[in-house]
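*Asks:*
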Amino acid sequence: MKKSLAGILMLSLSVSAATTAVAQTEQTETITKGKYTLVFINKAPDFSPVTKQKMIDAFFEVYPKEAREYNKQTLTKVTFIIDQAYDGVAATDAGVARYNPGWLKKNPEDVDVVTHEVMHIVQDYRHENPGWLTEGIADYVRYEDGVNNVKANWKLPEYKASQSYTNAYRVTARFLVWVCEHKNKHAVQKLDAALRAGTYTPELWNKLTGKSVDELWQEYSANPTVSLSYK
Ligand SMILES: [Zn+2]
1 MKKSLAGILM LSLSVSAATT AVAQTEQTET ITKGKYTLVF INKAPDFSPV TKQKMIDAFF
61 EVYPKEAREY NKQTLTKVTF IIDQAYDGVA ATDAGVARYN PGWLKKNPED VDVVTHEVMH
121 IVQDYRHENP GWLTEGIADY VRYEDGVNNV KANWKLPEYK ASQSYTNAYR VTARFLVWVC
181 EHKNKHAVQK LDAALRAGTY TPELWNKLTG KSVDELWQEY SANPTVSLSY K
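Position 143 of the sequence shown, counting from 1, maps to 143 under my numbering, and the rest follow consecutively.
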């Protein structure tokens, strides 16, 4: 009897020790500014408080702007998780953006990963959509609305003949800059709205620009000049 009582006691001690350890390594901070709330969950004990603050500042500067420009109905509460168990750069699903602390440690100026990730929350595409365009729009918005791209040395790549508009991310983003500059300055807003509404079809490019996306890419590849400026 005594032995088993001691066993129970030890068990309860180790459980409470484990609870304490979790509480120490996982810090949650909730910040509200105006109509938007950010829940910041840090699971990485050595995560830089400077980087954390930069990410919070970027969120409150960029997310309301993205909401105004693209989707006023977007979620007002967003969660960030600094997650050592996540080995990509960042990923977003259902109002939760997950960031790799290892990446941010190596690239501390790359805070506009926030700008890209929270655009996925604004996009809120629930219908089937071309992934290259979803990621292209997120990087287009990072280019347009980013707050630290210069310091991060983040740039849209020069056009190369080996590229395609389906390359996604920065290659597609540069093409979108060109489409907005030369064909229709509202093209990205219209594409985004259609993707969210589930009404996107490739014909939308014709409607917005008078040309198919393949024809646009052909024209772009013949003269890929765009005027770029970074913040
Ligand atoms: Zn993305």
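For each residue, glycine too, the CB sits at the ideal point set by N, CA and C.
It should be emphasised that the depicted structure is a prediction, and the values quoted were computed from it without experimental measurement.
Going by DSSP, which residues form a beta bridge with R98?
*Replies:* Against the sequence shown, residue 98 aligns to sequence position 98. Note: R98 sits in a beta bridge opposite I81 and A91.
*Asks:* Please classify T115 as buried or exposed, where buried requires at least 16 neighbouring CB atoms within 10 angstroms.
*Replies:* Indexing the sequence shown from 1 puts residue 115 at position 115. T115 comes out buried.
*Asks:* So what's N167 in DSSP terms, helix, strand or just coil?
*Replies:* Along the sequence shown, one-based indexing puts residue 167 at 167. Three-state DSSP puts N167 in a helix.
*Asks:* Just to confirm, is the Cβ distance from T200 to N129 under 8 Å?
*Replies:* Numbered from its first residue, the sequence shown carries residue 200 at position 200. Numbered from its first residue, the sequence shown carries residue 129 at position 129. Sequence check: residue 200 is Tyr here, not Thr. Cβ atoms of Y200 and N129: closer than 8 Å.
*Asks:* Shortest alpha-carbon distance to V177 belongs to which of N167, A193, A194 and I137?
*Replies:* Your numbering for residue 177 matches position 177 in the sequence shown. Selected option, being the one with the closest Cα: I137.
*Asks:* Cα separation between L208 and H186?
*Replies:* Taking the first residue of the sequence shown as position 1, residue 208 is located at position 208. Taking the first residue of the sequence shown as position 1, residue 186 is located at position 186. One C-alpha to the other measures close to 8 Å.
*Asks:* Taking the alpha-carbon of Y143 as reference, which of Q123, K160, D112 and V118 has the nearest alpha-carbon?
*Replies:* If you number the sequence shown from 1, residue 143 lands on position 143. When only C-alpha atoms are compared, the closest one is D112.
*Asks:* With 16 as the cutoff for other CB atoms within 10 Å, does K106 come out buried or exposed?
*Replies:* To locate residue 106, count along the sequence shown from 1; it is residue 106. When all chains shown are included, K106 counts as exposed.
*Asks:* Run through the DSSP bridge pairs and tell me what Y140 is partnered with.
*Replies:* Along the sequence shown, one-based indexing puts residue 140 at 140. DSSP, once it has assigned bridges, lists no residue as partnering Y140.
*Asks:* What are the residues that DSSP puts in a beta bridge with F263?
*Replies:* Since the first residue of the chain shown is 1 and the last is 231, residue 263 is not available in this structure.
*Asks:* With DSSP as the reference, label N153 as helix, strand or coil.
*Replies:* Your numbering for residue 153 matches position 153 in the sequence shown. DSSP places N153 in coil when its eight states are reduced to three.
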